[in-house]
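*Asks:* Protein sequence lines, in the order shown, are assigned to chains A and B. So the first sequence is numbered by my numbering: it starts at 61 and just counts up by one. So the second sequence is numbered by my numbering: it starts at 61 and just counts up by one.
Number of protein chains: 2
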Amino acid sequence: MMIPRHLKILDLTRRDSKVRVEYLAKALNVTLQTIRRDLVFLAEQGLIERVHGGATLPSGLRNIGYEQRSQLNDTAKSRIGDACASEVKNGSTVFLGIGTTCESVARALIHRTGLMVMTNNLNAIPILSAGGKNTVMVTGGRLRESDAGLVGPAAVTSLRQFKFDLAIIGCSALDENGDLFDYDLDEVMVSQAVIETSRKTVLVADNAKFDRTAPARIASLSDVSLFCTDEPPHQLHPATVGAGPNLLIAPK
Amino acid sequence: MMIPRHLKILDLTRRDSKVRVEYLAKALNVTLQTIRRDLVFLAEQGLIERVHGGATLPSGLRNIGYEQRSQLNDTAKSRIGDACASEVKNGSTVFLGIGTTCESVARALIHRTGLMVMTNNLNAIPILSAGGKNTVMVTGGRLRESDAGLVGPAAVTSLRQFKFDLAIIGCSALDENGDLFDYDLDEVMVSQAVIETSRKTVLVADNAKFDRTAPARIASLSDVSLFCTDEPPHQLHPATVGAGPNLLIAPK
DNA sequence: CGAATTATGTTCGTTTGTGTTCAAAACGAA
DNA sequence: TTCGTTTTGAACACAAACGAACATAATTCG
């Protein structure tokens, strides 16, 4: 049975990521044993994870819909989000992919109206629906808990039913030859299908992606129409940049 | 039947966010038992939420993943959830539909393993993924914000790619002839497709549904394999029950 | 008016929430 | 490892809250 104190415990846990039994007992003015019983209950519901001495946030999906402070403070990503959102025309049909950068774009679209946005990013859904003025579509697919993404063949099938005016996708890594990579083949197949079925594709990636590597190749920079990032990509071969897409550096 | 005292209770609750039975009894000069009856009534209308010792304002907008709150108090629904979950065999492929009763079933499945669960109920996703031991699939579809359901033709298309061992669906109303109804044609089409594409269908509905009506017909009780509810459905014509599905009354 | 229905009060056994104690388990440092 | 400390969960106890059943008062309606 959920009681108000449980909600307070959840709030405190979410605020601090980790709480101690003793702290909660004092804060809520009950005994240690009562807090323990509460934590057992909340852990059974999967709302927290029990650790010796207290509790932590559960790993993975459960933060869906929860505005994570980390990303809100990430000025690079929110700048990219704003810049990319300016490419989205009113009334258009847009696809939004997986990753925190795509979620920043979603945040920048909150006050727009008349958009039809399809996404396979469950984290983006509450953001997109916040304004209540856009139609939100969701792809099908297998849930990948690590990032609340929908991937796999079912995702590909469902998005092939559409043709997007604009697709906004991210990637895990970007090498100096202008190739885009991800960790998961299932996600790569989704991204490839999206590129195929969209009139225009925007890649959003902050410069941290320049240093990384990942195993599965999605596509080449030249397959996308616009590359939206926060810093000029010095790491890329100049020739690659020249032959590639238009470049949009998010203003500070 | 709403009476003036109910309005006063609502006012006091809204003023203080939380009220105690004892306080209300004194303030309104009636006995504790009367206040309890009032609170039961108001909670049934969704105007307040019952808590031990009193009542609170209903929790506001349901955040995906944070929704748990409201249903946990509803013992009827969690009993139905437990009973229905006992019908789910290990290793089977299950579909889970829209509605708070279906979410109760999800909650009862948390500790199961090896299931493949597909759902068009976004609220059910964080619950289903809590254990981390099951595969969660999501249908595509248009997001209906009122209940975080995915509906429409895209939802139908994506679930037709599967065949389920067991489908668990709810309904908004159930009339005395044993017909199931919903408010939204888009959702009805999904439910119909689910029934078609499942080896076995379980309808979950608490007895509050017996009194209601809704415009769009989903199917007849005889189209489902099992009807799982909390009280014997006296309102139904006995003949209907006899010809219909097996009945599972959730034990108290 | 009287009968039937509804609302409220009263009683009482049951359930629930919390506190307290204590032995076992987990942890951390030597 | 071993020792000492902290944390834990089970068991028990108690008070508050609950709901069912019945009784009584108020009201509706024929």
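Beta carbons are placed, not taken as given, at the ideal position from N, Cα and C, and that holds for glycine. From a predicted model like this one, the values you see are computed outputs, not experimental measurements.
Going along the chain, which residues of its own chain have a beta-carbon closer than 8 Å to the beta-carbon of A/R202, five neighbours each way excluded?
*Replies:* Here residue 202 of chain A refers to the residue found at position 142 when the first sequence is read from its first residue. Only L210, V211, G212, A214, A215, D246 meet the Cβ criterion.
*Asks:* Would you say A/G113 and A/V90 are within 8 Å of each other, going by their C-beta atoms?
*Replies:* The sequence position of residue 113 of chain A within the first sequence is 53, counting from 1. The sequence position of residue 90 of chain A within the first sequence is 30, counting from 1. Not a contact, by the Cβ cut-off of 8 Å.
*Asks:* Just to confirm my understanding: we take B/I108, look at its own chain, exclude 5 residues before and 5 after, and list those with CB closer than 8 Å. What are they?
*Replies:* Reading the second sequence from its first residue, position 48 is the one you call residue 108 of chain B. Answer for B/I108: I69, L70, T73, L99, L102, A115, T116, L117, P118, listed in chain order.
*Asks:* Cα separation between A/R110 and B/T161?
*Replies:* For this step, residue 110 of chain A is matched to residue 50 along the first sequence. For this step, residue 161 of chain B is matched to residue 101 along the second sequence. Each residue's Cα considered, the two are about 27 Å apart.
*Asks:* Using a Cβ cut-off of 7 Å, which residues of the segment 192 to 218 of chain A contact any Cβ in chain B, in chain order?
*Replies:* G192, T195, V196, M197, V198, T199, G200, G201, R202, L203, E205, L210, A214, T217, S218
*Asks:* For B/R122, which residues from the same chain have a beta carbon less than 6 Å from its beta carbon, with the 5 sequence-adjacent residues on both sides left out?
*Replies:* The count along the second sequence starts at 1 and reaches residue 122 of chain B at position 62. In this prediction, B/R122 scores a pLDDT of 40, lower than 50, which makes its location untrustworthy; no coordinate-derived value is stated.
*Asks:* Rounding to the nearest angstrom, what Cα-Cα distance links A/V198 and A/G106 in this structure?
*Replies:* Sequence index remark: in the first sequence, residue 198 of chain A carries index 138 (1-based). Sequence index remark: in the first sequence, residue 106 of chain A carries index 46 (1-based). So the alpha carbons of these two residues sit roughly 25 Å apart.
*Asks:* Considering only residues of the same chain and omitting the five flanking positions on each side of B/A310, which have a CB-CB separation below 6 Å?
*Replies:* For the purposes of this step, residue 310 of chain B is taken as the residue at position 250 of the second sequence. Correct list, in chain order: R139, I140, A143, D290.
*Asks:* What does a CB cutoff of less than 6 Å around B/D239 pick up in its chain, not counting 5 residues either side in sequence?
*Replies:* On the second sequence, residue 239 of chain B is found 179 positions in, with the first residue counted as 1. Within the same chain, B/D239 has close Cβ partners R277, S280.
*Asks:* Please confirm whether B/S258 has its beta-carbon closer than 8 Å to some beta-carbon of chain A.
*Replies:* Here residue 258 of chain B corresponds to residue number 198 of the second sequence, with the count starting at 1. Not an interface residue.
*Asks:* Give, in chain order, every unbroken run of the alpha helix (DSSP H) that is at least 4 residues long and sits entirely within the segment 230 to 306 of chain B.
*Replies:* 245 to 256, 298 to 303
*Asks:* With a threshold of 7 Å (Cβ to nearest heavy atom), would B/E104 be considered close to the ligand PLP?
*Replies:* Inclusion of the ligand PLP in the displayed structure is not the case, the ligand content being empty and no account of it being possible.
*Asks:* Which same chain residues, not among the five before or five after A/A274, have their C-beta less than 6 Å away from its C-beta?
*Replies:* Taking the first residue of the first sequence as 1, we reach residue 274 of chain A at position 214. So the qualifying residues of the chain are S232, A233, F241, D242, Y243.
*Asks:* If you run the structure through DSSP and keep just helix, strand and coil, what is B/A168?
*Replies:* Stepping through the second sequence from its first residue, residue 168 of chain B is reached at position 108. In the three-state scheme derived from DSSP, where H, G and I count as helix and E and B as strand, B/A168 is classed as helix.
*Asks:* What do you get for B/R75, buried or exposed, if any count of 16 or more other CB atoms within 10 angstroms of its CB means buried?
*Replies:* Numbered from 1 along the second sequence, position 15 holds the residue referred to as residue 75 of chain B. Classification for B/R75: exposed.
*Asks:* If B/T217 sits next to A/S258, beta carbons under 8 Å apart, how far is it from one beta carbon to the other, in whole angstroms?
*Replies:* For the purposes of this step, residue 217 of chain B is taken as residue 157 along the second sequence, with counting starting at 1. For the purposes of this step, residue 258 of chain A is taken as residue 198 along the first sequence, with counting starting at 1. Their Cβ separation, rounded to whole angstroms, is 20 Å, which puts B/T217 and A/S258 out of contact at 8 Å.
*Asks:* So A/S189 contacts chain B; which residues on that side make the cut at Cβ distance below 7 Å?
*Replies:* For the purposes of this step, residue 189 of chain A is identified with residue 129 of the first sequence, where counting begins at 1. Ordered by position in chain B, the residues that pass the 7 Å Cβ test against A/S189 are L203, E205.
*Asks:* Which residues bound the alpha helix (DSSP H) around B/L84?
*Replies:* If you number the second sequence from 1, residue 84 of chain B lands on position 24. Its alpha helix (DSSP H) spans residues 81 to 88.
*Asks:* Cutting at 8 Å between CB atoms, please list the residues of its own chain near B/N194, excluding the five before and the five after it.
*Replies:* Working through the second sequence from its first residue, we reach residue 194 of chain B at position 134. The beta carbon of B/N194 is closer than 8 Å to those of L169, R172, T173, G174, L175, M176, V177, L188 in its chain, skipping five residues each way along the sequence.
*Asks:* Under 8 Å between the Cβ atoms of B/I228 and B/F155?
*Replies:* Here the question's residue 228 of chain B lines up with position 168 in the second sequence. Here the question's residue 155 of chain B lines up with position 95 in the second sequence. Going by C-beta atoms, B/I228 is nearer than 8 Å to B/F155.
*Asks:* Leaving aside the five residues before and after B/E163 along the sequence, list all residues of the same chain whose C-beta is less than 7 Å from its C-beta, in chain order.
*Replies:* As a first step, residue 163 of chain B must be located in the second sequence, where it is residue number 103. If we look at B/E163 and ignore the five residues flanking it on each side, its Cβ neighbours are Q131, N181, N183, A184, I187.
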